[in-house]
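This report refers to the structure that appears directly beneath it.
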Amino acid sequence: MDYIAHTVDTAAAVGSPADLLWAAADLVATNPETADPIHDAGLHLIAAGRTTARRAGAARELATMIAESRHPDLAATITGDDTDWAAWQRVLTEPWPILADAAAFAAKLGGLEGQITPGRWIA
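Read the sequence shown against the numbering used here and you will find it ends at 138, with the numbers running on by one and no gaps.
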């Protein structure tokens with residue numbers, strides 16, 4: 016299967032937590048061995064002047080909340096900071112769906128539905 020990365024269709028969506036989470040989901044899809052795709056995507060977007068550390072933190076918080084709600088048994092295995100995505104990345108077998116759902120939820124919260132074309136798998 017091939018993967019098509021997300022695209023941002025409006026200036027308002029650029030650098031949003033939804034944009035950052037889709038970038039993280041894209042990274043997991045294309046580079047599954049990445050240890051912390053939210054951090055890596057955030058660094059890239061911050062360096063490009065497209066987002067801020069605050070938005071990256073919001074993206075990380077949202078993704079870890081969704082991971083914890085779906086996998087409460089795994090949450091108990093996280094030592095240290097449970098909002099550290101790298102810790103979740105180590106214990107999740109499939110992080111992409113969580114990142115994709117977190118991105119979609121962030122888009123909905125931010126009123127950005129329809130302004131970001133999600134990343135997707137194609138046959």
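The beta carbon of each residue, even a glycine, is placed where N, CA and C say it ideally should be.
Within 8 Å, do at least three Cβ pairs link the stretch 89-96 to the stretch 65-72? Under the 8 Å Cβ criterion, the stretch 65-72 does not count as touching the stretch 89-96, having fewer than three qualifying pairs.
Return the chain-ordered list of same chain residues with a C-beta closer than 6 Å to the C-beta of Ala90, the five sequence neighbours on each side being excluded. So the qualifying residues of the chain are Glu83.
Hey, quick one: how far does the alpha helix (DSSP H) through Arg135 stretch, first residue to last? For Arg135, no alpha helix (DSSP H) run applies; the uninterrupted beta strand (DSSP E) run containing it begins and ends at Arg135 to Ile137, by DSSP.
Span of the alpha helix (DSSP H), counted from its first residue to its last, around Ile113: For Ile113, the uninterrupted alpha helix (DSSP H) segment begins and ends at Pro110 to Leu124.
Got a sec? Which residues, its chain only, sit under 7 Å from Ala44 by beta carbon, not counting five neighbours each side? Excluding positions up to five away in sequence, the list reads Tyr18, Trp111 and Gly134.
Unbroken alpha helix (DSSP H) run spanning Asp88, endpoints: For Asp88, the enclosing alpha helix (DSSP H) has its first and last residue at Pro87 to Ala90.
Taking the alpha-carbon of Ala78 as reference, which of Leu60, Ala20 and His54 has the nearest alpha-carbon? It is His54 whose Cα lies nearest to the Cα of Ala78.
Relative to the C-alpha of Arg70, which candidate in Leu127, Ile113, Pro32 and Asp116 has its C-alpha closest? Arg70 has its Cα closest to that of Pro32, out of Leu127, Ile113, Pro32 and Asp116.
Excluding the five sequence neighbours on either side, which residues of its own chain have a C-beta within less than 8 Å of the C-beta of Arg101, listed in chain order? The residue you asked about is not Arg; residue 101 is Ala in the sequence shown. Excluding residues within five positions, the ones whose Cβ falls inside 8 Å are Ala50, Asp51 and His54.
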